[in-house]
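Chains R and H, in that order, are what the protein sequence lines are. Using UniProt numbering, you'd call the opening residue of the first sequence number 1 and step up by one each time. Using UniProt numbering, you'd call the opening residue of the second sequence number 1 and step up by one each time. One structure below.
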Amino acid sequence: MSLIDSIMAGFSLVGNFEAFLSLAIGVVIGVIGGAIPGVSATMAVALALPFTFPMEAINGILLLLGVYKGGIFGGSIPAILIKTPGTPASSATVLDGHPMAARGEAGRALGMALWASCTADLISNLALILFAGWLASFALSFGPPEFFALILFSLTIIAGVSGDSLLRGALSALLGLLLATIGLDLIYGTNRFTFGDPSLMGGLNFIAVLIGLFAIPEIINTVWHPTGHIGTVQKLGSKWVTFAEYRRCFKSIVRGSFIGVFLGSIPGIGAAPAAFLSYSEARRKSPNKANFGKGEIEGVAASEAGNNGVAGATLIPLLALGVPGDVITAIIIGAFMVHGLQPGPMMFVMNVDIIYGLFIGLIFSSALLFVIGGLAIRGFKPAADIPKRILMPTVLVLCTYGVFAVNNNIFDVGVMFVMGWVGFAMGRYHIPAAPFLIAFILGPLLEDNFRQAMLMSGGSPEILLRGPITWFFWGLTALTVVAITRGTLDKARDKG
Amino acid sequence: MNQRAIQMQLGIGAMLVAAFLMFYAIPNWVSSPTNIRNVVLSPRFWPYVLGGLTGLVGLGLVVFGRRMSASEAPLNEAIDDPRAGALRLMAMAVLMAVTFWALSRIGMVWTSMLSFAALAFLVRTRHPVTALVCAVLVPLLLYAFFAHVAGVAIPQGEFVRLP
Numbered sequence: 001m002s003l004i005d006s007i008m009a010g011f012s013l014v015g016n017f018e019a020f021l022s023l024a025i026g027v028v029i030g031v032i033g034g035a036i037p038g039v040s041a042t043m044a045v046a047l048a049l050p051f052t053f054p055m056e057a058i059n060g061i062l063l064l065l066g067v068y069k070g071g072i073f074g075g076s077i078p079a080i081l082i083k084t085p086g087t088p089a090s091s092a093t094v095l096d097g098h099p100m101a102a103r104g105e106a107g108r109a110l111g112m113a114l115w116a117s118c119t120a121d122l123i124s125n126l127a128l129i130l131f132a133g134w135l136a137s138f139a140l141s142f143g144p145p146e147f148f149a150l151i152l153f154s155l156t157i158i159a160g161v162s163g164d165s166l167l168r169g170a171l172s173a174l175l176g177l178l179l180a181t182i183g184l185d186l187i188y189g190t191n192r193f194t195f196g197d198p199s200l201m202g203g204l205n206f207i208a209v210l211i212g213l214f215a216i217p218e219i220i221n222t223v224w225h226p227t228g229h230i231g232t233v234q235k236l237g238s239k240w241v242t243f244a245e246y247r248r249c250f251k252s253i254v255r256g257s258f259i260g261v262f263l264g265s266i267p268g269i270g271a272a273p274a275a276f277l278s279y280s281e282a283r284r285k286s287p288n289k290a291n292f293g294k295g296e297i298e299g300v301a302a303s304e305a306g307n308n309g310v311a312g313a314t315l316i317p318l319l320a321l322g323v324p325g326d327v328i329t330a331i332i333i334g335a336f337m338v339h340g341l342q343p344g345p346m347m348f349v350m351n352v353d354i355i356y357g358l359f360i361g362l363i364f365s366s367a368l369l370f371v372i373g374g375l376a377i378r379g380f381k382p383a384a385d386i387p388k389r390i391l392m393p394t395v396l397v398l399c400t401y402g403v404f405a406v407n408n409n410i411f412d413v414g415v416m417f418v419m420g421w422v423g424f425a426m427g428r429y430h431i432p433a434a435p436f437l438i439a440f441i442l443g444p445l446l447e448d449n450f451r452q453a454m455l456m457s458g459g460s461p462e463i464l465l466r467g468p469i470t471w472f473f474w475g476l477t478a479l480t481v482v483a484i485t486r487g488t489l490d491k492a493r494d495k496g
Numbered sequence: 001m002n003q004r005a006i007q008m009q010l011g012i013g014a015m016l017v018a019a020f021l022m023f024y025a026i027p028n029w030v031s032s033p034t035n036i037r038n039v040v041l042s043p044r045f046w047p048y049v050l051g052g053l054t055g056l057v058g059l060g061l062v063v064f065g066r067r068m069s070a071s072e073a074p075l076n077e078a079i080d081d082p083r084a085g086a087l088r089l090m091a092m093a094v095l096m097a098v099t100f101w102a103l104s105r106i107g108m109v110w111t112s113m114l115s116f117a118a119l120a121f122l123v124r125t126r127h128p129v130t131a132l133v134c135a136v137l138v139p140l141l142l143y144a145f146f147a148h149v150a151g152v153a154i155p156q157g158e159f160v161r162l163p
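Written out as C-alpha cells, the structure is:
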C-alpha cells in the first residue's frame with residue numbers, strides 16, 4: 001500500500017463526526033482528570049478504558065489518547081493554581097508557575113503552559129509519525145531472540161529509572177513477571193498457580209490488575225488519611241500571555257519538545273524527567289536565569305514543553321515494537337487488546353488504516369487541546385472544588401463497573417480489590433508500580449520469545465546472542481545496569 | 001519507617017517469597033509433563049528463574065540496607081491518629097470483602113449504592129447529603145450506560161431487579 005493509500009485509508013476511518021467527538025471527549029476528560037488533584041492522567045485513562053468497550057476500535061483508542069494528552073496538560077492547572085501537581089509530570093511546572101500565580105499572574109502562566117503544551121504535543125506527534133513506521137519496518141526483521149533482548153532491555157530501564165532504587169524497581173518488575181505466570185502454560189497447556197480454579201486459567205485480567213494498582217490505592221490512601229490537605233486556589237488575574245512572550249520562549253519550547261521526544265521514545269523514562277531536564281536546560285541557556293524559580297514564564301514554557309513532548313513519543317515504541325513507553329501507554333495497550341489488536345511491527349502491515357487513522361487523529365488532538373485547554377483554564381474552579389471524599393467513592397463504583405464489564409466476571413472485581421492492597425503496600429514501601437504493570441504485560445511475551453528461541457536452537461542459549469541486533473540490546477541492557485548502579489552508588493556516597 | 005527499615009524488610013520479605021516459591025509453590029502448584037527433554041522448555045523453568053532472581057534481589061536489598069544509616073527520617077507522611085487510620089483500613093478491607101460477596105447476591109447496583117455510602121462515611125465526608133444523592137445516582141447512571149449502551153449483563157441479584 002502506498003503512503004497516499006495509507007493516508008486515505010486512515011481518513012476513511014477517522015474522517016467522521018464520531019471519531020472527532022471521541023477525541024474531543026477524551027481531551028475534556030483528560031484535562032478534568034489531570035486537573036483534579038488525586039485523580040491524575042493515569043487514573044483518568046484507566047477509568048475511561050471500560051467506557052471504550054462498546055465503541056469502534058479507532059474511536060475508543062482516540063478517546064484514550066485524548067485523555068492522555070489532555071491529562072498531561074491538565075496536571076499543570078493545579079500545579080500553577082494550588083501548588084499541587086495534578087500529575088508527577090507537572091512537578092517542574094510548580095517551580096515557576098506557582099510563584100507567578102502568587103503574584104496574580106496565574107492566567108499568564110496557564111496561557112503559556114497551554115501554548116507550550118500544544119506546540120510540544122504537535123512536535124511529538126510529528127516525531128511519532130516520522131519514526132514509528134521506520135522503526136516498525138526495521139522491527140519486522142526481529143525474531144524471538146531479538147524480541148527477548150529488546151523486552152529485557154525495556155524492563156531493565158523501566159525498573160531502573162521508575163523509582164529511586166534499581167533494586168526496588170527490579171523487585172517490582174520481578175513480582176509483575178511472577179504474577180504473569182499465573183494461568184495455563186504457553187506451550188504445554190499445563191496449570192501454573194491456578195489451584196484448579198477455571199477463573200485463573202486464562203491468567204489474571206490485565207485491566208483488573210491495572211485499575212487495582214493505579215486507582216484503588218488512591219482510595220485506600222484517602223481512607224488512611226481522609227483530611228489530606230489541598231491548598232487554596234489562586235485567582236487567574238487579569239494578565240494573559242502575549243505572542244511576543246511565546247516568541248521569546250519559543251527556543252526553549254522547541255528544545256524542551258525534542259528532549260521530551262527523545263526521552264519519551266525510550267521505554268520507561270516518562271514525562272517527569274523530561275520536564276525537569278527541559279527546565280534545567282532552559283535555565284542554563286536563558287539570559288534570565290536568575291529569575292528561574294521565582295516566577296519566570298520561560299520556566300513554565302520549558303517544563304510544559306518537556307512533559308508534553310513525551311506524549312506522542314511514548315507511542316513510538318508502543319506502536320512500532322509493541323512495548324509500552326510508560327504506564328499510560330501500558331493502559332492504552334489494553335484498549336488495543338480489548339479490540340483484538342496487537343500493537344507492534346505487524347500492525348503496520350495488517351492494520352495500516354488504524355495506524356494512519358491514529359496519526360491523523362493525533363495531529364487534530366493538538367488543536368483540540370488548544371481549544372479545550374483554554375476553556376478549562378477558565379473553568380477550573382468547579383473541578384478543584386469537587387470534595388475528594390465524594391470523588392473517591394465515585395471512583396470505587398466506577399472501578400467496580402468498569403472491571404466487571406471487561407469479561408462479565410465478578411472474580412475480576414476481587415482481583416482488582418486484592419491488587420489495590422498490593423498497590424497500597426507498594427506505595428508504603430516505595431516500590432514503583434510502573435515496572436510491576438509493564439512487566440505483567442510484557443511477561444508472557446518475554447517468556448514466549450525466550451522459549452521460542454530455545455525451541456529454535458534446541459536449547460542452546462547462544463541463539464540469544466545471534467546477531468548485531470541482539471548484541472545491541474544486550475549492550476544497552478548492560479550499559480543501563482552499570483549507569484544506574486553507578487548513579488545509585490554515587491548518590492549513597494554523597495549522602496554518607 | 002525510614003529508608004533502611006524499608007530496605008531491610010523488603011529484602012527479607014523478597015528472600016522469604018523466593019524460598020517459598022522455590023521449595024513449595026513451584027513444585028506443588030506448577031504442573032509439568034514428565035517427558036520434557038530440555039529443562040529450559042519446562043513450564044517450571046521460568047518461575048524458577050524468577051524465584052531465583054527475586055531471592056538475589058532480596059539479598060541485594062538486605063546488603064545495601066545494612067550499609068544505610070539507621071537514623072534517617074521516616075519516609076511516609078505521619079497522620080494524626082495512626083490507630084484510627086488502621087481501624088479505617090480494616091473497615092475498608094471488610095467493605096471490599098462484603099462488596100465482593102454481595103455483588104452476585106443483591107446485584108451490582110444495590111451493592112454499589114451501599115458501598116458508595118459506606119465509603120463516604122468511612123472517610124468522614126463533610127457533605128453527607130451530596131454523598132447519599134451521589135450514592136444513588138452514580139450506580140444508576142453507570143447501570144444505564146453499561147447495561148443499555150455497552151450491552152454488559154450487569155448482575156441484578158436475587159431480590160430487586162432493574163429494567
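Idealized CB from N, CA, C, for every residue including glycine. These numbers come from a predicted model, not from an experiment.
Taking the alpha carbon of residue i as the reference point, which residue from the options has its own alpha carbon closest?
i	options	result
L174 (chain R)	R:R284, R:T477, R:F440, R:T485	R:F440
V129 (chain H)	R:P461, R:D412, R:I390	R:I390
H225 (chain R)	H:P82, H:V40, H:N28	H:P82
L155 (chain R)	R:Q342, R:F262, R:W474, R:P273	R:W474
L130 (chain R)	R:Q342, R:V415, R:E281, R:V261	R:V261
L263 (chain R)	R:G306, R:G427, R:G10	R:G306
A132 (chain R)	R:L446, R:V323, R:V395	R:V323
Tell me the residue span of the alpha helix (DSSP H) that contains residue i.
i	result
H98 (chain R)	91–102
E304 (chain R)	297–313
R255 (chain R)	243–264
M22 (chain H)	Here M22 (chain H) belongs to no alpha helix (DSSP H), and DSSP marks it neither H nor E.
residue 497 (chain R)	Because chain R is modelled from 1 through 496, residue 497 (chain R) falls outside the range shown and cannot be assessed.
Y356 (chain R)	352–378
A42 (chain R)	Reading the sequence as shown, one finds Thr at residue 42 (chain R) and not Ala. First-last of the alpha helix (DSSP H) with T42 (chain R): 40–48.
D412 (chain R)	410–428
V136 (chain H)	128–143
N221 (chain R)	216–224
W110 (chain H)	108–122
A150 (chain H)	Looking at the DSSP string, A150 (chain H) is not in any alpha helix (DSSP H), and its letter there is neither H nor E.
Q156 (chain H)	Looking at the DSSP string, Q156 (chain H) is not in any alpha helix (DSSP H), and its letter there is neither H nor E.
Among the residues of its own chain, which have a CB less than 7 Å from the CB of residue i, if the five just before and after it don't count?
i	result
G51 (chain H)	A18, L21, M22, I26
I65 (chain H)	What sits at residue 65 (chain H) in the sequence shown is Gly, not Ile. Here the set comprises R4, Q7, M8, G11.
Please confirm if residue i has its CB atom under 9 Å from at least one CB of chain R.
i	result
A135 (chain H)	yes
A70 (chain H)	no
W110 (chain H)	no
I154 (chain H)	yes
F20 (chain H)	no
residue 168 (chain H)	Look at the range of chain H in this structure, 1 to 163, and you will see that residue 168 (chain H) is not part of it.
E77 (chain H)	yes
R88 (chain H)	yes
L16 (chain H)	no
R4 (chain H)	no
Assuming residue i and residue j form a contact by the criterion Cβ under 8 Å, report the distance between their Cβ atoms to the nearest whole angstrom.
i	j	result
T52 (chain R)	I253 (chain R)	The Cβ separation is near 32 Å, so there is no contact.
L114 (chain R)	I377 (chain R)	7 Å
L319 (chain R)	P343 (chain R)	5 Å
Under a CB-based cut-off of 9 Å, is residue i close to chain H?
i	result
S165 (chain R)	yes
I82 (chain R)	no
H225 (chain R)	yes
L155 (chain R)	no
R283 (chain R)	no
Give every residue of the same chain whose Cβ lies closer than 6 Å to the Cβ of residue i, excluding the five residues on either side of it in the sequence, and list them in chain order.
i	result
L179 (chain R)	F440
F147 (chain R)	N449
L21 (chain R)	none
G270 (chain R)	D326
R168 (chain R)	I431
M112 (chain R)	V241, I297, V300, A301
If you drop the 5 nearest sequence neighbours on each side, which residues of the same chain put their C-beta closer than 8 Å to that of residue i?
i	result
S124 (chain R)	S257, G260, V261, G264, N308, G309, V310, A311, G312, A313
V406 (chain R)	P50, F53, N205, I207, A208, V338, D412
V62 (chain H)	Q7, M8, G11, I12, M15
L200 (chain R)	I182, G183, F193, T194
G202 (chain R)	G183, L184
Following a CB-centred definition, is residue i positioned closer than 8 Å to any heavy atom of the ligand GTP?
i	result
G11 (chain H)	Within the structure as shown, the ligand GTP is missing, as the structure has no ligands at all.
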